[in-house]
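Worksheet: one structure, shown below.
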Amino acid sequence: MNRKIRIKTLWNRGIINSISLISKYIYARSFSLPYTLMIEPSDLCNLNCSICYTQKVKRKRETNFLILENFKKVIDNVKNHCVYINLWIAGEPLLNPELEKMVEYANKQNIITCISTNAMLLTKERTKNLIAAGVDRVIISFDGATKESYEKIRLGAKFETVVENIKHLIAFKKNKPLVSLQLVITKDNETEIHLFREMAKELKVDEAYTKTLYTASQLDQETSRKIISLIPTKERYIRKVRDRMKHCLARERAAIQCDGTVVPCCFDVQTIYSFGNAFNENFREIWRSKKYTEFRKNNEKFTKSPLCSACGCNRDYTLNKLL
């Protein structure tokens with residue numbers, strides 16, 4: 018999230034709530050606690066995108082949906098130090114019928130909420146309910162500026178449906194949610210970036226950016242080759258490995274899968290590393306456990322871990338702001 022969007026998010030919360038959020042952030046940093054979390058409403062998806070690895074690997078979830086009561090348990094455990102929650106990991110969050118209630122509950126605890134969606138299920142009713150619940154930011158994955166390129170990448174989606182859903186979202190919202198449009202650059206859309214920028218302007222979204230394509234080491238060789246074959250040809254769009262240690266989000270953020278399993282980051286969709294269950298244990302104790310603490314401090318993982326070897330967390334080169 019760029020600085021302008023961060024400031025807008027705080028501004029939309031009002032002075033009193035913003036002061037509270039800043040205080041929670043200071044508290045979290047002072048006591049080495051995560052001020053941001055990822056929580057997974059669902060690990061299922063309604064699409065099968067050509068560039069997405071999360072639905073192409075075998076996963077170990079005991080359940081495919083997060084239930085509201087378990088979500089509340091997590092929030093009650095982290096509300097004193099959690100400032101921001103991303104409501105997604107491997108699946109489409111709008112598949113969970115209780116998503117709006119989760120947003121509402123987090124909102125009452127003065128926690129900023131963000132969802133990332135393909136927007137196919139973002140109907141007028143869901144849009145109004147999410148706005149009423151107080152969602153702060155909506156990221157829409159929109160990987161093509163034309164119907165041809167978009168539907169070639171986003172298998173199962175309809176270009177016109179998503180455009181209409183975005184228009185409804187913009188029409189219904191007031192100050193929030195802030196709406197971000199994301200384009201993962203591939204061979205199929207790398208010539209459309211200027212069109213994507215113009216489309217974002219026309220739709221009047223708050224933010225638009227491109228993101229480089231990366232794969233996961235958990236994939237089988239055939240699937241990995243298919244995704245790698247989509248990497249764009251222009252050098253400036255190709256992901257380069259740089260200083261992961263400097264930008265590793267796992268050091269300051271945890272990810273909680275829909276069955277409660279705590280993993281280091283959203284890249285661990287296959288649950289390679291498990292540090293406990295946030296539904297049955299106190300989150301702070303999980304975070305401060307010897308196993309989890311040693312993982313966060315171990316710099317060797319950046320060269321040896323199957324997650325870190327393919328991670329795209331270097332924010333200096335993965336994101337390119339267009340608006």
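Counting from 18, one number per residue, gives the positions in the sequence shown under the numbering used here.
For each residue, glycine too, the CB sits at the ideal point set by N, CA and C.
In this text, all values refer to a predicted model and were calculated from it rather than measured experimentally.
{"query": "Buried versus exposed, by CB contacts within 10 Å (16 or more), R78", "result": "buried"}
{"query": "Status (buried if at least 16 other CB within 10 Å, exposed otherwise) for I156", "result": "buried"}
{"query": "Contact under 8 Å by Cβ, D412 with N29", "result": "Because the chain spans 18 through 340 in this model, residue 412 falls outside it and cannot be assessed."}
{"query": "Opening and closing residue of the beta strand (DSSP E) in which K321 lies", "result": "Element bounds for K321: not the beta strand (DSSP E) but the alpha helix (DSSP H), K318 to K321."}
{"query": "Residue of K193, K338 and F213 minimising C-alpha distance to L27", "result": "K193"}
{"query": "Host alpha helix (DSSP H) of V196 (start-end)", "result": "Counting along the chain, V196 falls outside any alpha helix (DSSP H), though it belongs to the beta strand (DSSP E) covering L195 to V201."}
{"query": "For I102, the first and last residue of its enclosing beta strand (DSSP E)", "result": "Y101 to N103"}
{"query": "Alpha carbon of R378 to alpha carbon of E207, nearest angstrom", "result": "This structure does not reach residue 378, given that the chain is present from 18 up to 340, and the question cannot be answered."}
{"query": "Limits of the beta strand (DSSP E) - the one that K228 falls within", "result": "E224 to K228"}
{"query": "C-alpha distance - C99 paired with I128, whole-angstrom precision", "result": "7 Å"}
{"query": "Residues that K338 bridges to, as DSSP identifies them", "result": "Y226"}
{"query": "Alpha helix (DSSP H) runs contained entirely in the segment 82-170, provided each spans 4 or more residues", "result": "85-95, 116-125, 141-150 and 164-170"}
{"query": "Test item: CB-CB of V74 and V286 under 8 Å", "result": "yes"}
{"query": "Counterpart residues of M55 in DSSP-defined beta bridges", "result": "N103 and A272"}
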